[in-house]
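Written below as structure tokens is the structure these notes are about.
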Amino acid sequence: MITQTPKVGRRSFIIGSAAVGAGLALGLKIPFGASVVRAQDGSPEITAWVVIRPDDTVVIRIARSEMGQGTLTGLAQMVAEELECDWSKVTTEYPTPGQSVARKRAWGDFSTGGSRGIRDSHQYVRQGGATARVMLVQAAADAWGVPASECSAANSVITHKPSGRTTTYGKVAEAAAKLTPPANVSLKDPKDWKLIGKSVKRLDTMDKLTGMQVYGADLKLPGMLNAAIKDCPVFGGKVKSFEAAKVTGIPGVRHVVPVGDSAVAVVADTWWQAKTALDALPIVWDEGPNAQVSSATIAEMLKAGLDAEQAFVGNQNGDAKAAIAGAVKKIEAVYAYPFQNHAPMEPMNATAKYTPDRCEVWGPTQNGEAAFAAVLDASGLPADKCEFYKVHLGGGFGRRVAYQDYVTQAVLIAKQVPGTPVKLLWTREEDMLHGRYHPVMQCKLVGALDASNNLTGLHMRLSGQSILSAVRPAALQDGKDPLTFQGLNATGDFAIGYTIPNLLIDHAMRNTHVPPGFWRGVNINQNAIFLECFVDELAHAAGQDALEFRRKLMSKHPKHLAVLNAVADRAGWGKPAPRGVYRGLAQMMSFNSYVAACAEVSVTAGNKVKVHRIVAATDPGYAVNPAQIERQIAGSFVYGLSALFMEECTVKAGRIEQTNFHAYDSMRIAQMPKVESIIMPSGGFWGGVGEPTICVAAPAVLNAFFAATGKRIRTFPLKNHGVQMV
Amino acid sequence: MARLTINGRSLEVNVDPSTPLLWAIREQVGLTGTKYGCGVALCGACTVHVDGMAVRSCVMTVSSAVGKQITTIEGLAANGVLHKVQKAWVDNEVPQCGYCQSGMIMAVAGLLKDKPRPTDADIDASITNICRCGTFQQVREAIHAAAKA
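Protein sequence lines correspond, in order, to chains A and B.
Take the first sequence: its position 269, counting from 1, is numbered 269 in our numbering, and each next residue is one higher.
Each number in our numbering corresponds to the 1-based position in the second sequence with 726 added.
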């Protein structure tokens, strides 16, 4: 076997591991101080965010995880904007969570979910760049014996204007690193940005085209063994027994080990040997009481919640129940949204090396700090004896953010093979059976129209699973899960775009044994379908155009309205569509961005749906890299429409029934609509990009499907109704 | 033991001959650009060329690959010059997470060998790889760009 040193190892060890240990022991006083902090190659660190090499290479540290969404490039653009460096000389690296602990979280939050990569760190990363620029300029001024105010910086070159002298960042970096950083730096006015807002090329493309990019699943360490794992297929079940002797004689097999009380792993020379032996290993499960649960029993439980007395109120004004009681016309509908798995292309994995004195783990995670915490927990070692190295992710979509279960498993296996690195890689089947699923939710909507067909009241009753109850119970508010109401709140970054005189949105929490997780878009996926399809139903009942009906409710929500108008205008709403093509609209506020879509579909033979085109608009406040935003919009539609048409995880005898892509399909290129993006940043706020647009794809297509067929489908995925995406 | 020819090199691999070619490539030869996604030929992440044809290596055994010319993503560029598909992928900034892209690129390179100027219908019929990030819009643009190159 050829062993390659993982590239990630070189990149991630930004300070030599010896230095990290020393730093921890001495309580390293960084990022700012008199002594120079050095990267592993000896280059000086100017601020925690910026290392400059003598050849003028600028290394920008990125704390958030890159998983395809482009945050690595976007964050580097923000640092570089203020640093005034030569963009062609920029490279990036990940600090490790262990270094973060030692440096009192110098890089802030590592968590990469909720479309927060840029919107939650824009201020401090720009300050990191600006502070470094001021120090570099000061160092040059000091060397020349001139006031810094006479010097300027551009493109990594510092110029003393009166004399015309110049120097470069690389030449003054050593001196700059010794300076005391200024306490306050001012940031540029957005109108002066040169790099932010520009569609510069991603920094991480080339290795992905040549097979050189190392993902977690690709890691190789000297002497490494490989593990395959099976966890009890019924959530909450345990291992009763397994017959290791049946497989220990198989070539390559080294160990058969329990992992916690619910899983078994085979450790072998190669992963294929481990997987093959695991398939042959007799395991008896103690499935426990959850084995009685099925999709039908869960649906019954949720259905009962639709009319339950008790519910958490998420948004309320006026008296919706009275308005409904007094309605001239009452419209009612019940929708249901299924469990869905993330199914990133790269299955879960992590590589761990454990000795009683040190535990190191390499893996793909959306939250390096959470993965580090999982290493501490599972190894039982203190922080200064552990490290976690982030490796590039083959997709995340939320699966690798709130749960580091695969990291814990890898450490538990490695502890049983001390001194030997072990790479744990899940099969696709394990990934399907042990996801952290999009929560299941039903919704009953009742709307009231008066004699003039004005909407006077709306009651929206959600019934279903709470993600926070499972992943962060401390974040519940007197039992209420505020995240359940994403897109339906009165104010904030998920605010509803309609003013309805009497409104009640409440949630009957009905939790299941199926573990829920944050799934790209999270709860706004189902909320957008419920709200935006039902608003269409109301418009139809009122005999009004779907756009005009919405506009009347949106006069106090100008940013919501602006994106809706933009897609309607571009798509030609109100003008004839091509023959056989029908349009549908949707709008939401999502992760602090305003998003809307107009879908154009045709339906043949009553069930074959072609989505021809989707015009999408987003107002994210500021658009850091428009080309990448376009790609996130189009990509989010692939994820969202795959879910709408094809994806459901059903439960039978307590376990998920779908085991691979044959039963849990995903869109192919033939089904891809033409996506036209309108990026219309209005400034003054920061919205997300990776997730916001996903939520408008499904309701826009469903509303177009209704326009084409007169049929409302209210339970998903559409394949359950014989409806195909072609 | 089996002898495979991968990217022009003849290599001895020490595996059971029933082992899928994918795992011999990844674990014995050490070329990890070819990815595991599903193991049952549904997703295409493991696509390589066998005697010039795009093949899903997760369901092809080592024994059936003996004596054939195997090309992986690492062998697509010739003498350090990117293949025209790789070049088009750079220009159109196709990859997001990138995990499926080795297989996607190999599938497209295979298509262009058969049909140097594919229509959209040709693309729809022959490119069936799964991409969960959803890069299809850029993939289609890049295929047409590569065809014109």
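Heads up, the beta-carbon is just placed ideally off N, CA and C, and yes, glycines get one too.
Using DSSP with H/G/I as helix, E/B as strand and the rest coil, what is residue i?
i, result
"Phe534(A)", "helix"
"Thr729(A)", "With chain A covering only 1 through 726, there is no way to say anything about residue 729(A)."
"Ser35(A)", "coil"
"Ser744(B)", "coil"
"Val723(A)", "coil"
"Trp87(A)", "helix"
"Ala546(A)", "helix"
"Gln587(A)", "strand"
"Tyr406(A)", "helix"
"Val689(A)", "coil"
"Lys839(B)", "helix"
"Met727(B)", "coil"
"Ile856(B)", "coil"
"Thr650(A)", "coil"
"Tyr335(A)", "strand"
"Arg655(A)", "strand"
"Trp426(A)", "coil"
"Gln138(A)", "helix"
"Pro44(A)", "strand"
"Tyr124(A)", "helix"
"Tyr594(A)", "strand"
"Glu745(A)", "Because chain A in this structure spans residues 1 to 726, residue 745(A) falls outside the shown range and cannot be described."
"Val79(A)", "helix"
"His560(A)", "helix"
"Ser736(B)", "strand"
Nearest-angstrom Cα distance between residue i and residue j?
i, j, result
"Ala771(B)", "Ala634(A)", "21 Å"
"Ala143(A)", "Ala177(A)", "14 Å"
"Met667(A)", "Gly74(A)", "27 Å"
"Pro620(A)", "Ser294(A)", "41 Å"
"Asn818(B)", "Pro626(A)", "14 Å"
"Ala568(A)", "Leu547(A)", "8 Å"
"Trp573(A)", "Ala597(A)", "11 Å"
"Leu476(A)", "His507(A)", "13 Å"
"Ser35(A)", "Glu174(A)", "11 Å"
"Gly671(A)", "Met725(A)", "A small fix is needed here, since residue 671(A) is Gln in this sequence, not Gly. Answer to the nearest angstrom: the Cα atoms are 7 Å apart."
"Gly759(B)", "Asp218(A)", "8 Å"
"Asp493(A)", "Ser466(A)", "19 Å"
"Ser828(B)", "Gly318(A)", "56 Å"
"Pro746(B)", "Val788(B)", "6 Å"
"Trp271(A)", "Val422(A)", "10 Å"
"Pro282(A)", "Thr408(A)", "24 Å"
"Ala471(A)", "Trp519(A)", "Just to set this straight, residue 471(A) is Val in the shown sequence, not Ala. Going from the Cα of Val471(A) to the Cα of Trp519(A) covers about 13 Å."
"Ile15(A)", "Lys353(A)", "Low confidence applies here, because Ile15(A) scores a pLDDT of 33, under 50, leaving its location unreliable and the question unanswered by this model."
At 9 Å on the CB atoms, spell out the chain B contacts of residue i, in chain order.
i, result
"Trp271(A)", "Trp749, Arg752, Glu753 and Tyr762"
"Ala634(A)", "Gly860, Thr861, Phe862, Gln863 and Gln864"
"Pro97(A)", "Result: empty, since nearest Cβ-Cβ is about 21 Å, beyond 9 Å."
"Glu45(A)", "Chain B residues near Glu45(A): none, gap ~29 Å exceeds 9 Å."
From the DSSP secondary-structure annotation, give me the bridge partner or partners of residue i.
i, result
"Ser463(A)", "Gln442(A) and Ala508(A)"
"Asp231(A)", "Ala263(A)"
"Val696(A)", "Note: Val696(A) sits in no beta bridge, so no partner."
"Met779(B)", "Val776(B)"
"Thr180(A)", "According to DSSP, Thr180(A) bridges with nothing at all."
"Asp619(A)", "Tyr594(A)"
"Tyr354(A)", "Cys359(A)"
"Pro258(A)", "Val264(A)"
"Phe637(A)", "DSSP output for Phe637(A) lists no bridge partner at all."
"Asp387(A)", "According to the sequence displayed, residue 387(A) carries Glu and not Asp. Per DSSP, Glu360(A)."
Could you list which residues in chain A have their beta carbon closer than 9 Å to that of residue i, in chain order?
i, result
"Thr798(B)", "Gly211"
"Gly759(B)", "Thr210, Gly211, Met212, Gln213 and Asp218"
At 7 Å on the CB atoms, spell out the chain B contacts of residue i, in chain order.
i, result
"Ala217(A)", "Tyr762"
"Gln404(A)", "Chain B residues near Gln404(A): none, gap ~19 Å exceeds 7 Å."
"Gly394(A)", "Cys823 and Tyr825"
Residues of chain A with a CB under 7 Å from the CB of residue i: which are they?
i, result
"Ser828(B)", "Gly211"
"Ala771(B)", "Met345"
Could you list which residues in chain A have their beta carbon closer than 8 Å to that of residue i, in chain order?
i, result
"Thr768(B)", "The sequence as given places Leu at residue 768(B); Thr does not occur at that position. Correct list: Asn660, Phe661 and His662."
Entirely within the region 273 to 349 of chain A and at least 4 residues each: give me those alpha helix (DSSP H) ranges in chain order.
-> 295 to 305 and 320 to 325
Alpha helix (DSSP H) runs contained entirely in the region 789 to 841 of chain B, provided each spans 4 or more residues = Taken in chain order, the whole alpha helix (DSSP H) runs of length 4 or more contained in the region 789 to 841 of chain B are 810 to 817 and 827 to 840.
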